[in-house]
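K.L.:
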Amino acid sequence: MKLTIKLFATFRQGRFDIAEREFAPGTTVGQIVDQLDLPREKLGILMVNSRHVQLERVMAEGETLAIFPLVGGG
Amino acid sequence: MRDFLQNNACGDLLGNEAQQQFAMKFELSAAAAEGEILTLGFLPARYQRNRKMLSLPQQLKLHQSCVAVAGCGGLGGYVIEELARLGVGKIIALDPDIFEAHNLNRQLLATSDQLGKPKAEAAAQRVALVNPAVELIAIQAALETNNGPQLLKTAHLVVDAVDSVAARLEIGSLCRQQNLPLVHGAIAGWYGQVTTVLPGDRTLETLYRHWQGGKGIEAELGNPAFTPALVASLQVAEAVKILLATGDLLQNRVLTLDLLRMSVETIDLIN
């Protein structure tokens with residue numbers, strides 16, 4: 001299935017801003033995070049269709065996943 | 001009192017000097033005088049540019065409000081400044097730290113003469129200069145589970161302006177226990193986020209679900225001058241809406257800012 005992945009802030013470095021990629025049906029958000037070599041402990045918001053989702057969320061054909069890093073400064 | 005105000009006001013606007021004379025004549029503190037003036041239907045002249053968006057009863061409501069600001073650094077300095085200029089009557093400013101040279105690039109309260117001095121005390125000095133009618137309680141300590149219930153007794157809401165995820169989660173849990181709204185803001189380099197947590201919500205637990213200790217990306221990016229000013233302003237807008245029970249809040253939504261690309265997203269946190 002074809003998915004659009006959007007990365008934010010430091011997650012773009014050495015990767016991409018936005019990319020359309022092919023994934024196996026049933027792929028979860030967590031599997032995509034791991035494939036992109038994103039450190040799980042630095043994950044902030046995970047967004048599909050303007051909503052925050054869990055790592056276990058199964059993606060569907062044509063969806064867009066946006067991945068934000070954890071922001072904690074003041 | 002009403003006679004004095006009628007004789008010295010211009011319409012319903014009371015000039016700064018007349019406000020001070022009113023306090024002296026009736027032996028009131030600056031804060032108490034402001035309360036009387038607003039209650040009697042007069043507006044201190046300093047608030048005249050507020051009045052097209054805040055009614056006199058709303059200005060009085062702000063005067064009667066108490067906001068606790070956890071952290072007097074990058075976010076907290078601007079939050080306190082704006083709350084004081086708005087006329088929020090009581091601000092509890094908490095920070096255990098002193099100013100260091102690396103604060104000078106962005107923290108409003110950090111000035112060369114304040115290096116080595118407590119941040120909370122600097123907040124008190126600043127607010128005394130900006131708006132003497134605002135009572136600022138300076139606490140040189142972090143807001144924590146053990147001191148929170150006592151310190152927050154008179155607070156109507158808490159602003160999260162701290163710099164660690166552990167402290168944010170502790171404040172989130174404290175506010176839930178104390179049934180207080182919490183306005184969260186966090187920054188890292190060009191990026192920032194704001195959300196409002198109402199009692200019962202578990203928004204911070206959702207946002208920081210993957211956190212396993214340590215800092216976020218601010219550890220690698222640092223923070224410039226403009227990101228804290230912007231995120232703090234958004235937090236104050238949320239705080240004012242909570243105090244006045246008006247507008248739409250960022251409840252169960254997080255607003256994220258990317259100032260490098262100038263993109264703003266609002267993300268629903270409820271599935």
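Sequences listed follow chains Z and F, in order.
Quick note on numbering: the numbering used here labels position 38 of the first sequence as 38, and the sequence is numbered without any gaps.
Quick note on numbering: the numbering used here labels position 52 of the second sequence as 52, and the sequence is numbered without any gaps.
No residue lacks a Cβ here, since even glycine has one placed at the ideal position from N, Cα and C.
As the structure is a computational prediction, the values presented were derived from the model and not from experiment.
Within 8 angstroms, do at least three Cβ pairs link the region 208-226 of chain F to the region 36-48 of chain F?
P.N.:
Result no; under three Cβ-Cβ pairs closer than 8 angstroms.
K.L.:
Identify the continuous beta strand (DSSP E) that holds Z/VAL58 and give its terminal residues.
P.N.:
Premise fails: Z/VAL58 is in no beta strand (DSSP E) and is neither H nor E.
K.L.:
Under three-state DSSP, which class holds Z/VAL71?
P.N.:
Looking at Z/VAL71 - three-state DSSP - the assignment turns out to be coil, as it is neither helix nor strand.
K.L.:
Using a Cβ cut-off of 8 angstroms (strictly closer), state whether F/TYR208 contacts chain Z.
P.N.:
Yes, because at least one Cβ of chain Z sits closer than 8 angstroms to the Cβ of F/TYR208.
K.L.:
At what residues does the alpha helix (DSSP H) containing F/LEU86 begin and finish?
P.N.:
From DSSP, the alpha helix (DSSP H) with F/LEU86 extends over 74-86.
K.L.:
What residues match up with Z/THR28 in a beta bridge as DSSP calls it?
P.N.:
Bridge partners of Z/THR28: Z/VAL58.
K.L.:
Hey, out of Z/GLN13, Z/PHE23, Z/PHE11, Z/GLY14, whose CA is closest to Z/THR4's CA?
P.N.:
Checking every option, the nearest Cα to that of Z/THR4 belongs to Z/PHE23.
K.L.:
Measuring straight from C-alpha to C-alpha, what distance separates Z/GLN31 and Z/LEU55?
P.N.:
Approximately 8 angstroms between the Cα atoms of the pair.
K.L.:
Between Z/ARG40 and F/LEU43, what straight-line distance do the alpha-carbon atoms span, to the nearest angstrom?
P.N.:
Between Z/ARG40 and F/LEU43, the C-alpha separation is close to 53 angstroms.
K.L.:
Using CA atoms only, rank isn't needed, just tell me which of Z/ILE67, Z/GLY74, Z/VAL71 is closest to Z/ASP34.
P.N.:
The option with the nearest alpha carbon to Z/ASP34 is Z/ILE67.
K.L.:
Does DSSP classify F/GLN114 as helix, strand or coil?
P.N.:
F/GLN114: helix per DSSP, three-state reduction.
K.L.:
Starting from the Cα of F/THR203, find the closest Cα among F/GLN125, F/ALA219, F/ILE270, F/SER263 and give me that residue.
P.N.:
Residue F/ILE270 is the option with its Cα nearest to F/THR203.
K.L.:
DSSP state of F/GLU265, grouped into three classes?
P.N.:
If DSSP states are grouped into helix, strand and coil, F/GLU265 belongs with the strands.
K.L.:
List, in chain order, every chain F residue whose beta-carbon is nearer than 7 angstroms to that of Z/PHE68.
P.N.:
Ordered by position in chain F, the residues that pass the 7 angstroms Cβ test against Z/PHE68 are THR256.
K.L.:
By a C-beta neighbour count over all protein chains shown, 10 Å radius and 16 as the cutoff for buried, is F/ARG49 buried or exposed?
P.N.:
When all chains shown are included, F/ARG49 counts as exposed.
K.L.:
Under 8 angstroms between C-beta atoms, does Z/ALA19 make it to chain F?
P.N.:
With 8 angstroms as the cut-off, Z/ALA19 does not count as an interface residue toward chain F.
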